[in-house]
Amino acid sequence: MPIIINLDVMLAKRKMQSKELAELLGITQANLSILKTGKAKGIRFETLEAICKILDCQPGDILAYVEE
């Protein structure tokens, strides 16, 4: 898939664990894991906005396009 999810990178930069982010987002750790591993078919803008707000970042910090 040409869309790369860099959520782990942002979590490391913010020194935050996945568990804490999942709690703040109000989603399960399993659903966050699906997103982090790139197995999600999509992401709601509402969720992306919440992630960006919590991690104080831009969508481009989390999502990247890489040609195959």
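Following our numbering, the numbering of the sequence shown begins with 1 at its first residue and continues without gaps. Cβ atoms here follow ideal geometry from the backbone N, Cα and C, with glycine treated the same way.
- A buried status is given to residue 62, since no fewer than 16 other beta-carbon atoms sit within 10 Å of its beta-carbon.
- Taken in chain order, the unbroken stretches of alpha helix (DSSP H) that lie wholly in the stretch 36-60 and span 4 residues or more are 45-55.
- Around the Cβ of residue 51, a 10 Å sphere holds 16 or more other Cβ atoms; the residue is buried.
- Less than 9 Å separates the beta-carbon of residue 21 from that of residue 55.
- Residue 66 is not a Cβ neighbour of residue 27, given a cutoff of 9 Å.
- A Cβ-Cβ distance of about 5 Å is found for the pair residue 5 and residue 38, placing them in contact under the 8 Å criterion.
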